[in-house]
Amino acid sequence: MKVTLLAHTQLSEKFYDSFDIYGEFSEYEGNKVDRSNATDGQIISLSAIRTCYSSNAPSEIFNLEGEKYFGKQASDGEGGTDADRLIRHIMKSGHTSTMEHLNFTFAVEGVSRSLLAQLTRHRHFSFSVQSQRYVKFGSDDKSGGMDYITPHTVNDEKEMIGLAGVPYAATEIYKKAMKKAQKYYDELREAGVPAEDARMVLPNAATCNLVMTGNLRSILDFCSKRLSKQAQHEIRMLAEKLRDEVVAVEPWTKSFFGK
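And the structure:
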């Protein structure tokens, strides 16, 4: 499995240019964002939160209130700036709709169709998924045949006794099943069955690629459920990778993902 952050919400150049430092418009470098050590996501979050409670216009909130929140230490004793305190307060209060303005787009590669079925049960994500109708998975096709995921519970330590009394491992059973699925798919295609119908014999283990977009609130909700030890191993791994990609660009979100 490979997860790559393709894009995430950032401030527009027009909004950057509106930051007034010394009574005149400034360029990007040296503006209040740099001096406040605030990420774009924090500024957007502050703007959304304070819009709900301030008489100031959303486009003016950072200019008028940014120094107040980003220029002071948190008063709740939990570290960071007072902007961090405000965001923590909002998250604890359940006013998490203010986090929906931060969006993240990921390339998710080499995951099973089983994982995809679980993933689509979560709301407010957008998906573009590799098609088994238009992408051919025959052994002689450009794809080279289907790739597949092997669950970590399928291993050589788990054995069963065959009809001849000879023990064989779960991995051997699993590989045989995958080879048969590929064989039957190839035979159906050779028989003239279109890919959109031949794909019916492909297993849940068959891999796929997708582009996925979600807002911060939705990603936090997903991770709160799928980082659990009760979650299936593959989707738990996905949750970990999504979390790591988000935290890498918006470090202040780390505490909201839990332990």
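Numbering (this note's numbering), first residue to last: 1 to 259.
Beta carbons: idealized from backbone N, C-alpha and C, even for Gly.
Classification of Gln73 by the beta-carbon crowding that lies within 10 angstroms, buried from 16 upward | Mapped onto the sequence shown, residue 73 falls at position 73. The residue is exposed, with fewer than 16 neighbouring Cβ atoms inside 10 Å.
Straight-line CA distance for Ala195 to His101?
-> Start at 1 with the first residue of the sequence shown, and residue 195 comes out as number 195. Start at 1 with the first residue of the sequence shown, and residue 101 comes out as number 101. Approximately 40 Å between the Cα atoms of the pair.
Terminal residues of the beta strand (DSSP E) in which Val108 lies = As a working note, residue 108 is residue 108 in the sequence shown. Taken as a continuous stretch (DSSP letters only), the beta strand (DSSP E) holding Val108 covers Asn103 to Ser112.
Contact belief for Pro203 with Ala181 at Cβ below 8 Å, rounded distance in angstroms = For the purposes of this step, residue 203 is taken as the residue at position 203 of the sequence shown. For the purposes of this step, residue 181 is taken as the residue at position 181 of the sequence shown. Right, the Cβ-Cβ distance comes to about 5 Å (below 8 Å), so this counts as a contact.
Spatial neighbours of Glu29 within its chain, please: CB distance less than 7 Å, with the 5 preceding and 5 following residues excluded, ordered by chain position.
-> Here the question's residue 29 lines up with position 29 in the sequence shown. Per-residue confidence for Glu29 stands at a pLDDT of 45, beneath the threshold of 50, marking its modelled position as unreliable; the derived number appears in the next sentence. Within the same chain, Glu29 has no close Cβ partners at all.
Can you give me the Cβ contacts of Gly145 inside the same chain, cut-off strictly under 7 Å, excluding the 5 residues immediately before and after it?
-> The residue given as residue 145 occupies position 145 in the sequence shown. Around Gly145: Phe137, Gly138, Ser139 and Gln182.
CA-to-CA distance, Phe127 to Met273, given in whole angstroms | Outside the displayed span of the chain (1 to 259) sits residue 273, for which this structure offers no information.
Please name the residue, chosen from Ala191, Ser55 and Asn37, that lies closest to Ala83 on a Cα-to-Cα basis.
-> Within the sequence shown, residue 83 is the residue found at index 83, counting from 1. Out of Ala191, Ser55 and Asn37, Asn37 has the C-alpha closest to the C-alpha of Ala83.
Outcome for Leu238 when other beta-carbon atoms lying within 10 angstroms are tallied against a minimum of 16 = Translated into the one-based positions of the sequence shown, residue 238 becomes position 238. Leu238 is buried by the Cβ-count criterion.
Whose C-alpha, out of Val3, Cys208 and Pro151, is nearest the C-alpha of Phe106?
-> Residue 106 sits at position 106 when you count from the first residue of the sequence shown. Comparing Cα-Cα distances from Phe106 to each of Val3, Cys208 and Pro151, the minimum goes to Val3.
Distance, Cα to Cα, Glu65 vs Trp252?
-> Counting from 1 along the sequence shown, the entry for residue 65 is found at position 65. Counting from 1 along the sequence shown, the entry for residue 252 is found at position 252. Glu65 and Trp252: Cα-Cα distance of roughly 19 Å.
Name the DSSP bridge partner or partners of Tyr148?
-> Working through the sequence shown from its first residue, we reach residue 148 at position 148. Answer is Ala206, bridged to Tyr148.
Would you kindly check if the distance between the Cβ of Leu210 and the Cβ of Ala198 is under 7 Å?
-> Within the sequence shown, numbered from 1, the residue matching residue 198 stands at position 198. Within the sequence shown, numbered from 1, the residue matching residue 210 stands at position 210. Not closer than 7 Å, so no.
Which of helix, strand or coil does DSSP assign to Leu242?
-> If you number the sequence shown from 1, residue 242 lands on position 242. Helix.
With 16 other CB atoms within 10 Å as the buried threshold, where does Thr153 fall?
-> Position 153 of the sequence shown, counted from the first residue, corresponds to residue 153. Counting Cβ neighbours within 10 Å, Thr153 comes out exposed, since fewer than 16 surround it.
With distances taken from CA atoms, which of Glu190, Glu157, Leu242 and Arg50 is nearest Thr98?
-> Here residue 98 is taken as the residue at index 98 of the sequence shown, counted from 1. That would be Arg50, whose Cα lies nearest to the Cα of Thr98.
With DSSP as the reference, label His8 as helix, strand or coil.
-> In the sequence shown, counting from the first residue as 1, residue 8 sits at position 8. DSSP places His8 in strand when its eight states are reduced to three.
Along the chain, where does the beta strand (DSSP E) that runs through Phe125 open and close?
-> Along the sequence shown, read from residue 1 onward, the residue named residue 125 stands at position 125. Phe125 -> beta strand (DSSP E) spans Phe125 to Val129.
Specify the secondary structure class of Thr153 as computed by DSSP and reduced to three states.
-> Translated into positions along the sequence shown, residue 153 becomes position 153. DSSP places Thr153 in coil when its eight states are reduced to three.
In terms of residues, what are the limits of the alpha helix (DSSP H) holding Gln132?
-> Numbered from 1 along the sequence shown, position 132 holds the residue referred to as residue 132. Taken as a continuous stretch (DSSP letters only), Gln132 belongs to no alpha helix (DSSP H), as it is neither H nor E.
Quick one: grab the DSSP three-state call for Val193.
-> Start at 1 with the first residue of the sequence shown, and residue 193 comes out as number 193. Coil at Val193, not helix or strand.
Just the C-alpha distance for Gly79 and Phe257, rounded to the nearest angstrom, thanks.
-> If you number the sequence shown from 1, residue 79 lands on position 79. If you number the sequence shown from 1, residue 257 lands on position 257. If I take the Cα positions, the gap works out to 17 Å.
From Ile219, Leu6, Glu250 and Tyr53, pick the residue whose C-alpha is nearest to that of Arg123; which is it?
-> In the sequence shown, the residue the question calls residue 123 occupies position 123. When each option's Cα is compared against that of Arg123, the closest is Ile219.
Measuring only between beta-carbons, confirm whether Leu119 sits less than 7 Å from chain B.
-> Included in the structure is just one protein chain, with no chain B present.
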